[in-house]
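Going down the list, the sequences are from chains V and D. In this note's numbering, each residue carries its 1-based index in the first sequence increased by 5. In this note's numbering, each residue carries its 1-based index in the second sequence increased by 29. The structure under discussion appears below in the form of structure tokens.
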Amino acid sequence: MRIDRLWLTDFRGYRSAEAGFGPGLTAIVGANGEGKTNLLEAVGYLATLGSFRGAPTEALVRAGADRAVVRGEGVRDGRTLLLEAEIAPGGRSRAQVNRQPLRRARDLLGAVRVTVFSPDDLALVKAGPGERRRYLDDVLVAVHPRNDELRAEVERVLRQRNALLKQAGGRVTAEIEMTLDVWDAKLTTAGEALADARRALVERLAPSLANAYAEVARRGVAVEATYAPPWRAEGLAAALVAARRDELRRGVSLVGPHRDELDLRVEGLPARTHVSQGEQRSLALALRLAAHRVVADVTGSPPVLLLDDVFSELDPDRSDALLAHLPSGQTLLSTAGSLPAGAHPEQVLRVKAGTVIADAG
Amino acid sequence: MGVYAGPVQDLIDELGRLPGVGPKSAQRIAFHLLKVAKEDALRLSHSIAEARDRVAWCQRCFNVSEGDLCGICTDDRRDATVVCVVEEPRDLVAVEKTQEFRGRYHVLQGAISPIEGIGPDQLRVKELLGRLDGEGVTEVILCTNPNIEGEATAMYIGRLVKPLGVRVTRIASGLPVGGDLEYADELTLGRALEGRRDVD
Ligand SMILES: Nc1ncnc2c1ncn2[C@@H]1O[C@H](COP(=O)(O)OP(=O)(O)O)[C@@H](O)[C@H]1O
Ligand SMILES: [Mg+2]
Ligand SMILES: [Zn+2]
């Protein structure tokens, strides 16, 4: 899969812009604040219908405009694809493939896939479990769009269940118990399905992660990734029964896939708290590389790599190691400084004040 | 805080309270109503008043009705032993269009959704239970929307009704997941009715 051309209308700071990408490495250069990340974010939007910075959709629409349009032309399995997404905060987002409107914008998922590396990736290792769950779920959706429905279902059921627990205010009437039983059943079905999917994914990721870590850190150490929900042995249904009093008292869902952890260890030590920042950085890169390889493997085509300003945060050794092990395929790389020595882009784009200009050449 | 003179802002506020009407649409509709011929605008207000005066809820099934009982409840060719439970009157209309169903209905007037503050008490659930004995109901078909709230509502009612010895079925999916019953085409909905199943 690759994206050859991108058109933006009222996306972030871009009023109207167009950019062409090479089939291999394209470098996007420009001073800070000129719109490099915005450009990559637009490509990411076509893949996930969301912002890889976690920004709300309103933030993606140029201040003063009421909708944004991202259009991309690319090639997949030898066929030309024209993708279009319209972002309308508060309204209904719409999408088209080859000028055919999709029934739901979500049906665009799977048309393009991306792997994003960003300076914030360190949070994958250092921040709370939520970051790692999001990482797993994003990879699940990239592997199969159907997982997006599963994730959305779990979130919706949890919202309903939390609202009910809160309204109950600690009271336990027969009606509340019966209604809660229904939401428990829904959470059990959807939650166990999501946890099963995560577990199967982690089993697939783990060997790839160990390899990638060895490449990036240039050293073979034991790296482990495990996903073992604490409720797994008894099953979610039983765990919810056991937690009910507590949940009613606290007014919030305490057990389920929204509380689970992807446990990461280096040489047996918890990566979040016990290893050096350098090792954490290597692990974060390795997580992205491993995900990229698994998605490429399962779907049969490598996602487009988006490297957002990552070299500014890496020491020369890790930069070189990353460049040396970058998977082949299309790569879009942004930088505010000079390009790392090992990077040989076939296309350079200069971004300035909402315009994108290609270097002649 | 409104920016227009009193009556104009009142109209915009009222329109904005309607389902699916945002502030921008409310403004557009309000100015449209001020621009068109006066009798055209008043016809709308008259229709609203008429509908509110003449139409009420059927006292048996909670469908819209001009009398105490709706047209379906007073039609003695309909099979009283089978009751199809829907969320809204518009869903009843959708099921009627399939011409697959000859029983009676029960309109819940919503679905369980704690986020919106709707629990079983806010719905016509007790009224449904009250009908089962008196009308000799032998089967309840749960025809709520195939989304999370509709499924939860179906499960809740199923768990109440089944122990009473009444057969409980749920329309088969095949309906678009996450969709609304009222938008389903007749063929899809008809098939879904044929393929209804027992609730576990
Ligand atoms: N919704 C928006 N409307 C208008 N301008 C925006 C919007 N969102 C971001 N911007 C502009 O984009 C700039 C940041 O662009 P970005 O791509 O993050 O820069 P960089 O080149 O450093 O990666 C901000 O300075 C801001 O001016
Ligand atoms: Mg940036
Ligand atoms: Zn009636």
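Glycine residues also receive a C-beta, built at the ideal position from the N, C-alpha and C atoms.
Closer than 6 Å by C-beta to ASP112(V): which residues in its own chain qualify, once you throw out the five before and the five after it? Chain order, please. As a first step, residue 112(V) must be located in the first sequence, where it is residue number 107. Take ASP112(V), set aside five residues on each side of it, and no residue of its chain has a beta-carbon closer than 6 Å to its own.
Report whether the distance from the Cβ of ARG58(V) to the nearest heavy atom of ligand 1 is below 6 Å. The residue given as residue 58(V) occupies position 53 in the first sequence. Not a single heavy atom of ligand 1 lies less than 6 Å from the C-beta of ARG58(V).
Less than 7 Å between the C-beta atoms of LEU88(V) and LEU114(V), yes or no? Along the first sequence, read from residue 1 onward, the residue named residue 88(V) stands at position 83. Along the first sequence, read from residue 1 onward, the residue named residue 114(V) stands at position 109. Going by C-beta atoms, LEU88(V) is not nearer than 7 Å to LEU114(V).
Within the continuous beta strand (DSSP E) that includes LEU310(V), where are the two ends? Within the first sequence, numbered from 1, the residue matching residue 310(V) stands at position 305. Under the DSSP assignment, LEU310(V) falls in the beta strand (DSSP E) whose first and last residues are 309–313.
Neighbouring residues (CB closer than 5 Å to any heavy atom of ligand 1): ARG17(V), GLY18(V), ASN37(V), GLY38(V), GLU39(V), GLY40(V), LYS41(V), THR42(V), ASN43(V), ARG67(V) and ALA68(V)
Proximal residues to GLU168(D) (C-beta, below 6 Å), its chain only, five neighbours per side dropped: Counting from one through the second sequence, the residue named residue 168(D) turns up at place 139. Taken in chain order, the residues that qualify are VAL111 and ARG196.
Cross-chain neighbours of GLY148(D) in chain V, by beta carbon under 9 Å: As a working note, residue 148(D) is residue 119 in the second sequence. In chain order: LEU169, GLN172, GLU180, ILE181 and THR184.
Please report the residue range of the beta strand (DSSP E) in which GLU168(D) lies. Within the second sequence, residue 168(D) is the residue found at index 139, counting from 1. GLU168(D) -> beta strand (DSSP E) spans 168–171.
From the DSSP output, read off the bridge partner residues of LEU163(V). Here residue 163(V) is taken as the residue at index 158 of the first sequence, counted from 1. Answer is none; LEU163(V) lacks a bridge partner.
How big is the Cα-Cα spacing for ALA181(D) and LEU161(D)? In the second sequence, counting from the first residue as 1, residue 181(D) sits at position 152. In the second sequence, counting from the first residue as 1, residue 161(D) sits at position 132. In this structure, the straight-line span from the alpha carbon of ALA181(D) to that of LEU161(D) is close to 21 Å.
Residues in its own chain within less than 6 Å of MET30(D) by CB, not counting five upstream and five downstream? Stepping through the second sequence from its first residue, residue 30(D) is reached at position 1. Here MET30(D) scores only 48 on pLDDT, less than 50, and its place in the model should not be relied on; the value that follows carries that caveat. Excluding residues within five positions, none has a Cβ falling inside 6 Å.
Those residues, in chain order, that have a beta-carbon closer than 5 Å to some heavy atom of ligand 3: CYS87(D), ARG89(D), CYS90(D), ASN92(D), CYS99(D) and CYS102(D)
Any idea if ARG277(V) is buried or exposed, counting beta-carbon neighbours within 10 angstroms, 16 or more meaning buried? As a position in the first sequence, residue 277(V) is number 272, starting the count at 1. The residue in question, ARG277(V), is buried, as its Cβ has 16 or more Cβ neighbours within 10 Å.
For ALA230(V), count the other beta carbons within 10 Å of its own beta carbon; 16 or more makes it buried, fewer makes it exposed. Which is it? Walking along the first sequence from the start, residue 230(V) turns up at place 225. That one is buried.
Which residue or residues does DSSP assign as beta-bridge partners of GLY79(V)? Numbered from its first residue, the first sequence carries residue 79(V) at position 74. GLY79(V) is bridged to ILE8(V) and LEU86(V).
How long is the line joining the alpha carbons of VAL136(D) and ARG264(V), rounded to whole angstroms? Against the second sequence, residue 136(D) aligns to sequence position 107. Against the first sequence, residue 264(V) aligns to sequence position 259. Cα to Cα, VAL136(D) sits roughly 38 Å from ARG264(V).
Tell me the rounded alpha-carbon separation between GLY49(D) and ALA100(V). Here residue 49(D) refers to the residue found at position 20 when the second sequence is read from its first residue. Here residue 100(V) refers to the residue found at position 95 when the first sequence is read from its first residue. Going by the C-alpha atoms only, they are around 21 Å apart.
Are LEU312(V) and PHE122(V) closer than 7 Å when you measure CB to CB? For the purposes of this step, residue 312(V) is taken as the residue at position 307 of the first sequence. For the purposes of this step, residue 122(V) is taken as the residue at position 117 of the first sequence. Result yes, Cβ atoms of LEU312(V) and PHE122(V) sit closer than 7 Å.
Backbone secondary structure at THR103(D) - three-state DSSP: Sequence index remark: in the second sequence, residue 103(D) carries index 74 (1-based). Residue state, collapsed to three classes: helix.
Can you tell me where the alpha helix (DSSP H) with ALA109(D) in it begins and where it stops? For the purposes of this step, residue 109(D) is taken as the residue at position 80 of the second sequence. No alpha helix (DSSP H) holds ALA109(D); the beta strand (DSSP E) holding it covers 108–115.
Look up LEU274(V) in the DSSP assignment and say whether it is helix, strand or coil. Within the first sequence, numbered from 1, the residue matching residue 274(V) stands at position 269. Strand.
Say whether the stretch 142–153 of chain D touches the stretch 173–189 of chain V, bearing in mind that this needs 3 or more beta-carbon pairs closer than 8 Å, one atom from each stretch. Segments in contact, yes.
Can we count ASP42(D) as close to ligand 2, meaning its CB is less than 6 Å from some heavy atom? Here residue 42(D) refers to the residue found at position 13 when the second sequence is read from its first residue. No; taking the cut-off as 6 Å, the Cβ of ASP42(D) has no heavy atom of ligand 2 nearer than that.
For chain V, check one thing: does any of its Cβ atoms lie closer than 7 Å to the Cβ of ILE58(D)? Within the second sequence, numbered from 1, the residue matching residue 58(D) stands at position 29. Using a Cβ-Cβ cut-off of 7 Å, ILE58(D) does not count as an interface residue toward chain V, since no Cβ of chain V sits closer than that to its own.
Give a yes or no on contact between the stretch 14–21 of chain V and the stretch 314–330 of chain V, applying the rule of three or more CB pairs nearer than 8 Å. No, they do not touch.
Return the chain-ordered list of same chain residues with a C-beta closer than 6 Å to the C-beta of ALA55(D), the five sequence neighbours on each side being excluded. As a first step, residue 55(D) must be located in the second sequence, where it is residue number 26. Only ILE41, LEU44 and GLY45 meet the Cβ criterion.
At least three beta-carbon pairs within less than 8 Å, the stretch 184–200 of chain V to the stretch 219–227 of chain V: Under the three-pair Cβ rule at 8 Å, the stretch 184–200 of chain V does not count as touching the stretch 219–227 of chain V.
Given this structure, state the Cα-to-Cα distance separating ARG10(V) from THR31(V), to the nearest angstrom. Residue 10(V) sits at position 5 when you count from the first residue of the first sequence. Residue 31(V) sits at position 26 when you count from the first residue of the first sequence. About 12 Å.
For ASP314(V), is the beta carbon positioned less than 6 Å from some heavy atom of ligand 2? For this step, residue 314(V) is matched to residue 309 along the first sequence. Flag set: Cβ of ASP314(V) near ligand 2.
Quick one, which of ASP39(D), THR127(D), PRO143(D) and ASP105(D) has its alpha-carbon nearest GLY174(V)'s? Walking along the first sequence from the start, residue 174(V) turns up at place 169. Checking every option, the nearest Cα to that of GLY174(V) belongs to PRO143(D).
Proximal residues to TRP188(V) (C-beta, below 7 Å), its chain only, five neighbours per side dropped: If you number the first sequence from 1, residue 188(V) lands on position 183. Cβ within range, chain order: VAL162, GLN165, ARG166 and LEU169.
Start-end ranges of the beta strand (DSSP E) lying completely within the stretch 238–303 of chain V, minimum 3 residues: If only uninterrupted beta strand (DSSP E) runs of at least 3 residues are considered, those enclosed by the stretch 238–303 of chain V are 267–271.
Nearest to ILE141(D) (by Cα), restricted to the options VAL228(D), LEU63(D), CYS87(D) and VAL115(D): Taking the second sequence and counting its residues from 1, one reaches residue 141(D) at position 112. Nearest of VAL228(D), LEU63(D), CYS87(D) and VAL115(D) to ILE141(D), Cα basis: VAL115(D).
CB of LEU294(V) within 7 Å of CB of ALA205(V), strictly: Against the first sequence, residue 294(V) aligns to sequence position 289. Against the first sequence, residue 205(V) aligns to sequence position 200. No, these two residues do not count as a Cβ contact at 7 Å.
GLU220(V) to PRO134(V) span [Cα, whole Å]: Counted from its first residue, the first sequence places residue 220(V) at position 215. Counted from its first residue, the first sequence places residue 134(V) at position 129. Straight-line Cα distance between these residues: approximately 25 Å.
Beta carbon proximity, GLU91(V) to chain D, threshold 7 Å: Stepping through the first sequence from its first residue, residue 91(V) is reached at position 86. No, its Cβ sits nowhere closer than 7 Å to a Cβ of chain D.
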